[in-house]
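K.L.:
Residue numbers for the sequence shown follow our numbering, beginning at -11 and rising by one. Virtual Cβ for every residue (Gly too), placed ideally from N, Cα, C. Bear in mind that the values here come from a model prediction, so they are computed numbers and not experimental data. Below: one structure in structure tokens.
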Amino acid sequence: MAKKEIIQFFTELGGKLLVDDIKTFDRVVGHYNRRYGVKRRGNLPWRGPGNVQQSVPNERGLRLRCQMGWVELRWVAADCLRVRWLPSSDGEFFEPFSYAVSKVDWPPVAFEVSEHDDALIMRTAELVVRVVKRPFRLSLESPDGRIISGDADGMRLREDGSVRLSLAMQSGESSYGLGERTSTLELRGSRFTLWNTDPPVYQRGADPLYYNIPFYLGVHNQAVYGVFWDNSYRGTADLGAQQADNLVFEAEGGELRYYLFAGADVKRVLSRYTELTGRINLPPLWSLGYHQCRFSYYPQDAVLKIADEFRSRGIPCDVIHLDIHYMDGFRMFSWDKQRFPQFDQMFEKLHRQGFKAVVIADPGIKIDETYHAYRSGMERDVFLKYPDGKPVAGAVWPGMCHFPDFTDPAARAWWIEQMGGLIQAGVDGIWNDMCEPAIFTQAGASTLPDYVRHHRDGLGGNHLENHNVYGMLMGRASMEALLKHRPHKRPFNIIRAGFAGAQRYASSWTGDNVSDWDNLRLSISMVLNMGLSGAPFTGPDIGGFQKDGSGELFTRWLQAACLMPFCRSHTSIGSAAQEPWAFGQPYEVINRLTIMLRYRLLPYLYSVFAQSKEYGWPIVRPLFMAEPDNPDIRGIDDCYMVGEALLVAPVVQAGAVKRFVYLPSGQWYDFWTNELLDGGRVIEVPAPLERLPLFVRAGAVIPMWPEMQYVKPESVEALIYRVYPGAFESVLYEDEGEGLDYEDGAYRWVYITCEWDDSKLIINRRVAGRYEPTYKMLRLEVVGFEEEPMQIRVDRQSAPLWYYDDDLLEVTIDTFQRLEIIRKPLPTDRTILHRPW
């Protein structure tokens, strides 16, 4: 937006006083820029470590004395190597501090070192590292000699403190990761800024965005590998934009430190990367339900009316979000008593109706002597400061504000205390916004100056280094607040801005998108790349945040996102309503069925979440993960997998009533018709407005719930196993769903396999764990039978109750380990086509 439009926008939202505060901030920052701003000199030469002069083995790898400092090669695991260059080191290495890294204690790694005239070779059971001595250059190979990755220009340093890493990309290499990216799924050929930023709105190609993760995932015919650039300074990632075959990370400061990962597939690499940086915690089961939001629902009666509408219309919903208008003058930790005169009673009613309430939290604390949080924060000395010791003041929604230094443990403790009032009043979750941090300026949303000082957990530092971790650490403080004030319940916490490792503390959403068809499609690739960056719990603002959408757009977007990890509709102030009924019929009835589909599939989705928590795998995945040897499908970004067994192919074009879908190799069932389809090919499928194209892998057993209006597992009398005959192992995870007992072992895994021979389908079931679900019965729905079976045996005994009708077989039992479905002998002149059994 132009400057005049920006001023008009802020005037309409916040009035003249806010605009005056924005102008004041700009003047003050101009003053400090003249005192503390750093002008970087261009065209400074890049220098590398030079020749290797000495190698010193140790129990974790090698330390190499070079012409310029020391390089450390440290095995984290047999498939993960950490590389550090300390140009001014005298050979003494201290363990570095990193907000991103979660695990620092690793078991020993067995490796061998051999030294030659021109090279050093380190070898584990899974990787070979080759170091050329003159000059230092590193390459990564598989044990059988396949090139995985290696230096192009390698590590470089400039006199101004900037650092750079240049690696050679392989022929046919596809590129993924790096957090939120408004591009296609495949990123090669692009250059991105690594600096968390609040754009006014974004469209395709916008850069940078809110959530930057300096983790690169490379996929080529030889291997899958990852590069984690452990540097939080402002920087860039160039994926062959300036030099076609080079992957280049740059940063404006900090230590040159990175990790290399390699494995047989994407899951292996992401599992190791998230072992290093942390994995998601299991969320409360209700947070996987449908969320409704707008900027803003107020007053109190309007919130309760929205809740009543959901229940009266029979549309499932678990969560209602409150944006900044619940606050008194946008002051954090406060309530507007005019708009919400009985907020505690409002929460009680919402809870009785089965709703949870999530409220927004902004970091800016209004400068106001009558405001308790401001006085307390000043007394506790928790706010960020300029180098001269004066607190930073910037304009956001309340006007001029100070900002907590979330890198300071004392500031995090203060935030946790302040959150107590909201949480004890009945708030169930925290939605952390503006946490880049965003500051209003006459040029639009900006942030704090680079030279603002941070505590950095006692190490000290500036905003240039700590900006990218600000939102992550605000999320950490809010998560810890929820744990403290709701001590026996799982926290639900959302952040807009994050960094590597933030997945340990919060889920996320993809920010302020636009109500148009391109943003619908873009939301798929954004969510997929977040999962490929180790941050899988995310989703878009369904329907689009800015501008008015149509009924068709909202309905198709809801279908596209109904099986994404985070499922929330949200829209901006002044825009048209985007509740599921807002566009009338036929959209309301279709939207009800779409949301109901999510609820019916929640046992499956929750199991995929549990696998992500256990192994670090993405929850929704690109199709190429299901067929990794096919390079032709690495760029497909209008479909996605949910776990291993479901393929979602949403309609992303206006007016379309059919679409082409690539089915990965194997066999697949159409979820709606139960038709069995051969994979490894493109098919055309009907997609009228009321249908989301959805496919199930043959052999899968999909756990399902009956219809419900909100997440209430205790109401389930019989869990449904929808069986799709074939060969596959399915996994079901179960626990209580809201408390923390699962951390002490109160959970169970159920492993279900399908197999067959010429005469029968066999379903084996194995239970591991001590959790006992509340339901007492299982209902198996076996699709694809063309006629009634001859016999059904449960654990070698005849089944007591089963029913067959119209290609669907139903068996109701209390438990089983082995179930056999024996079909009638076929006539000698009859064959069944396309059946896997």
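Output the residue ranges of the beta strand (DSSP E) runs that lie fully inside the stretch 533 to 621 and measure 3 residues or longer, sorted by chain position.
P.N.:
Here no run is fully enclosed.
K.L.:
For Leu516 versus Pro610, is the C-beta spacing smaller than 8 angstroms?
P.N.:
For Leu516 and Pro610, yes; Cβs fall inside 8 angstroms.
K.L.:
Please return the same chain residues whose Cβ sits closer than 6 angstroms to the Cβ of Ser495, not counting the five positions on each side in sequence.
P.N.:
Cβ within range, chain order: Ile482, Phe525, Phe554.
K.L.:
In terms of residue numbering, what span does the alpha helix (DSSP H) encompassing Glu263 cover?
P.N.:
Counting along the chain, the alpha helix (DSSP H) containing Glu263 begins and ends at 254 to 265.
K.L.:
Give the straight-line distance between the Cα atoms of Ile810 and Leu749, rounded to the nearest whole angstrom.
P.N.:
Their backbone Cα atoms lie some 7 angstroms apart in a straight line.
K.L.:
Flag Gln805 as yes when its Cβ comes closer than 7 angstroms to any non-hydrogen atom of the ligand ZN, and as no otherwise.
P.N.:
In terms of ligand content, the structure shown is empty, and the ligand ZN therefore cannot be addressed.
K.L.:
Are the CB atoms of Glu114 and Pro96 within a distance shorter than 8 angstroms?
P.N.:
No.
K.L.:
May I ask you to verify whether the stretch 68 to 76 touches the stretch 227 to 244, counting CB pairs closer than 8 angstroms and requiring at least 3?
P.N.:
Yes, the stretch 68 to 76 is in contact with the stretch 227 to 244.
K.L.:
Using C-beta distances below 7 angstroms, list every residue in its chain close to Val17, excluding the 5 sequence neighbours before and after it, in chain order.
P.N.:
Hits under 7 angstroms: Pro437.
K.L.:
So, Asp536 versus Ala413, is the Cβ gap smaller than 8 angstroms?
P.N.:
Going by C-beta atoms, Asp536 is not nearer than 8 angstroms to Ala413.
K.L.:
Could you have a look at Ile820 and say whether DSSP puts it in helix, strand or coil?
P.N.:
Only weak support is given to the placement of Ile820: the predicted model assigns it a pLDDT of 38, under 50, and the question is left unresolved by the model.
K.L.:
For Val151, which residues from the same chain have a beta carbon less than 6 angstroms from its beta carbon, with the 5 sequence-adjacent residues on both sides left out?
P.N.:
Around Val151: Leu145, Ala239, Leu244.
K.L.:
Considering only residues of the stretch 194 to 249, which uninterrupted beta strand (DSSP E) runs meet the minimum length of 3 residues and lie entirely inside it, listed in chain order?
P.N.:
Fully enclosed beta strand (DSSP E) runs of 3 or longer: 200 to 207, 212 to 217, 223 to 227, 234 to 239.
K.L.:
So, are the CB atoms of Ala361 and Met320 less than 8 angstroms apart?
P.N.:
For Ala361 and Met320, yes; Cβs fall inside 8 angstroms.
K.L.:
When we look at the beta-carbon of Cys660 and count the other beta-carbons within 10 Å, is it buried (16 or more) or exposed?
P.N.:
Correcting the residue identity first, residue 660 is Trp in this sequence and not Cys. Classification for Trp660: exposed.
K.L.:
Roughly how many whole angstroms lie between the Cα atoms of Val71 and Gly266?
P.N.:
Roughly 20 angstroms between the two C-alpha positions.
K.L.:
According to DSSP, simplified to helix, strand and coil, what is Met692?
P.N.:
Strand.
K.L.:
Give the C-beta separation of Met596 and Gly519 to the nearest angstrom, bearing in mind that I take them to be a contact with Cβ-Cβ under 8 angstroms.
P.N.:
As written in the sequence, residue 596 is Val, which differs from the Met given in the question. Actually they are not in contact, since the Cβ atoms of Val596 and Gly519 sit about 11 angstroms apart, beyond 8 angstroms.
K.L.:
DSSP three-state call for Thr170: helix, strand or coil?
P.N.:
Correct three-state label for Thr170: coil.
K.L.:
Among all the DSSP beta bridges, which residues are the ones paired with Gly654?
P.N.:
For Gly654, which the question treats as bridged, DSSP gives no partner whatsoever.
K.L.:
State the DSSP-derived secondary structure class of Met(-11), mapped to helix, strand or coil.
P.N.:
Because the pLDDT of Met(-11) is 45, which lies under 50, any placement of that residue in the model is unreliable, and the question is left without a value.
K.L.:
Tell me which same chain residues have a C-beta within less than 8 angstroms of the C-beta of Glu453, skipping the five on either side of it?
P.N.:
Excluding residues within five positions, the ones whose Cβ falls inside 8 angstroms are Ser220, Tyr221, Gly241, Gly242, His442, Arg444.
K.L.:
If Gly714 and Ala686 are in contact, beta carbons under 8 angstroms, what's the gap, nearest whole angstrom?
P.N.:
Indeed they touch by this definition, with Cβ atoms about 3 angstroms apart.
K.L.:
Between Gly377 and Lys325, what straight-line distance do the alpha-carbon atoms span, to the nearest angstrom?
P.N.:
Cα to Cα, Gly377 sits roughly 36 angstroms from Lys325.
K.L.:
Hey, out of Met157, Tyr285, Pro676, Glu663, whose CA is closest to Phe683's CA?
P.N.:
When only C-alpha atoms are compared, the closest one is Glu663.
K.L.:
Hey, how far is the Cα of Gly522 from the Cα of Pro606?
P.N.:
Approximately 7 angstroms, taken between the alpha carbons.
K.L.:
From Val120 to Met143, what distance separates their C-alpha atoms?
P.N.:
Each residue's alpha carbon lies about 13 angstroms from the other.
K.L.:
From Phe394 to Gly409, what distance separates their C-alpha atoms?
P.N.:
In a straight line, the C-alpha of Phe394 is about 20 angstroms away from that of Gly409.
K.L.:
What is the DSSP secondary structure of Ser511, reduced to helix, strand or coil?
P.N.:
In this structure, Ser511 counts as helix in the three-state DSSP scheme.
K.L.:
Which of helix, strand or coil does DSSP assign to His19?
P.N.:
It is helical.
K.L.:
Taking the continuous beta strand (DSSP E) assigned at Asp397, which residues delimit it?
P.N.:
A quick correction: the sequence has Pro, not Asp, at residue 397. From DSSP, Pro397 is part of no beta strand (DSSP E) but of the alpha helix (DSSP H) over 397 to 413.
K.L.:
With DSSP as the reference, identify every bridge partner of Phe480, one or two as the case may be.
P.N.:
Phe480 pairs with Gly417.
K.L.:
Going by C-alpha to C-alpha distance, which of Leu270, Pro271, Arg282 sits closest to Ile561?
P.N.:
It is Arg282.
K.L.:
What are the partner residues of His279, as DSSP defines its beta bridges?
P.N.:
Its beta-bridge partners are Val307, Arg556.
K.L.:
Need the endpoints of the alpha helix (DSSP H) that His451 sits in, please.
P.N.:
Segment 451 to 473, the alpha helix (DSSP H) holding His451.
K.L.:
Rounded to whole angstroms, what is the Cα-Cα separation between Val215 and Leu248?
P.N.:
Roughly 5 angstroms between the two C-alpha positions.
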